[in-house]
Amino acid sequence: METGPDSLFVTLLLLLHSSHSESEKFEVLGPTDLIVAVAGDDIILPCYLKPNISAEDMTVDWLNLDFIGSHVYHYQNNKIIRDHQILSYIERTSLFKEELWKGNTSLKLTRVQGTDEGFYKCVIQSKNWNGHFTIQVLVEAVGSKPVVSIEGHREGGMGLLCESEGWHPQPELVWLDSKGDRLSAGPPETHRDFKGFYKVKQHVIVQETDTNRFTCRVQQSRINEKMETNVHLPSELFDTTPWRITSIVLCCLVAVTVIGSALTIYRIRNKKEVLTGKIVDLKKLWNQNSK
């Protein structure tokens, strides 16, 4: 078999291409444990290449799997691509550009908020190879101490309202009596703000007891946090008699006002009729004298 210059050249090209392709092969790695982030803190989502080859000329794409078709961060052709970036991540995400040359493609996420919780995928692509790694992020936020307000008399007792906000994940709100037993309350109302934090509130109607002490508790089992507010209601608040007397007095005042107004109108009309009669009599007398 003859080995000419052409065949040697082709063989050399194949060897070079094979060597180049092998050198571009890499793995995308990261931590095996999930990341727990406290709201308001800055965190780093680790991601790197093995072997530690340069990622400067590669495409680095960070995705939140809850958002289809959009990017948390997109780096391509040595620059950041803002197109299709999720709005809540703008100006909160960055790469360590000075470390891209050694394969560090980790993402820095600042001012963590509730909407940041989820699964993230780090996708790295070169001209001839690609790989990815997925990591989970949990967000924790302890909200405000419950605020209790008195809503006044309701059918069957006294109405109370409890509110708390700034929680993540969603908390549970419960009403308790002085013995720690759970009270039957209205359905909880939940609202989530644009940063993903939860506000909860719940109404309850309580009846007078020996202590008149009640507790509103907000708790979140995943982050093992709870906050309470105790309230003591004076017995006088449960006495409906003053309220009834006030209602009766108001009704009487209204009735007196109406009757007084009617009498005033009647007197004005009566005086007007008397004056009109006198004017007519004067006219008649004047006419008679004129004749």
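Using mature numbering (1 follows the signal peptide of the UniProt record, and there is no 0), the letters of the sequence shown correspond one by one to residues -21 to -1, 1 to 270. Glycine included, each C-beta is placed from N, C-alpha and C at the ideal position. Being a predicted model, the structure only gives us computed values, none of them experimental.
Between the CA atoms of P150 and L117 - distance to the nearest angstrom: 15 angstroms
DSSP-derived helix/strand/coil call for F176: coil
Bridge partners - A164, DSSP secondary structure assignment: In the DSSP output, where bridge partners are listed per residue, A164 has none listed.
Collapsed DSSP secondary structure at L212 in the structure displayed: coil
Run of the beta strand (DSSP E) containing H111, from where it starts to where it stops: N109 to E119
Three-way DSSP call (helix, strand, coil) for S128 in this model: strand
Per-residue burial, T89 [other beta carbons within 10 Å of its own, 16 or more giving buried]: Exposed.
Residue(s) in a DSSP beta bridge with I22: Its beta-bridge partners are L88.
Whether G131 touches Q186 by CB criterion (8 angstroms): no
Through-space distance from I65 to Y27, alpha-carbon basis: Straight-line Cα distance between these residues: approximately 23 angstroms.
For N43, the first and last residue of its enclosing beta strand (DSSP E): The continuous beta strand (DSSP E) containing N43 extends over residues T38 to N43.
Proximity below 8 angstroms, CB of N31 to CB of Y99: no
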